[in-house]
Amino acid sequence: MTLILALLNDMLLAMIPALGFALVFNVPQKALKYCAIGGAIGHGTRFLLMHWGLSIEWSTFVAATLVGMIGVHWSHRFLAHPKVFTVAALIPMVPGVFAFKAMIAIVEINHRGFSLALWGLMIDNVLKAVFIVAALAIGLAMPGLLFYRRRPVV
């Protein structure tokens, strides 16, 4: 029961930045609710996969791919570009915490001097942030690679 409540809380809180960025990106008013729903689905999927033991990078990739697939479906249904629904929905999964921790480690190295612990912390957080951003980009591109190819994949 606590997993369901935590999942609903995560999904509800992910809807807020998805909706906010959809407003910033001037998404049509009719598509705003789909951006919020997409953000909730994506973040909720990532939350569940991480709860079941998958790493944040792979969970983000799967969630971004799912949001991309749903965005393609909505784009066919409502005759809009898939990015209208997907880009704002992926914003809640941007790795701001990892990038912030990496920057703080860099500042600490600059202020206190080099230490292996700070260097390791910085490298770990930079790599996590880079791989999460790559997972978002590749996951978002995956439906286009699968559905809009002119030649067979194999």
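Numbering that gives the first Met the number 0 puts the first residue of the sequence shown at 0, with every later residue one more than the last.
For every residue, glycine included, the Cβ atom is placed at its ideal position computed from N, Cα and C.
If you're wondering where the values come from, they're calculated on a predicted model, not measured in any experiment.
Any chance you could list the beta strand (DSSP E) runs of at least 3 consecutive residues sitting entirely within the segment 31-77, in chain order?
Fully enclosed beta strand (DSSP E) runs of 3 or longer: not present.
Per DSSP, what kind of secondary structure is V125 in: helix, strand or coil?
It is helical.
Reference L89; option with closest CA among F146, N8, A35, K29:
Looking at F146, N8, A35, K29, the one whose alpha-carbon comes closest to that of L89 is A35.
Determine the closest residue to R76 out of F113, S54, Y33, E107, with distance taken between C-alpha atoms.
Of F113, S54, Y33, E107, the residue nearest in Cα terms is Y33.
When DSSP labels each residue in this structure, what does R111 get in the three-state scheme?
Looking at R111 - three-state DSSP - the assignment turns out to be helix.
By Cβ distance, which residues of its chain are closer than 8 angstroms to A128, with the 5 residues on each side in sequence left out?
Around A128: P94, F97, A98, A101.
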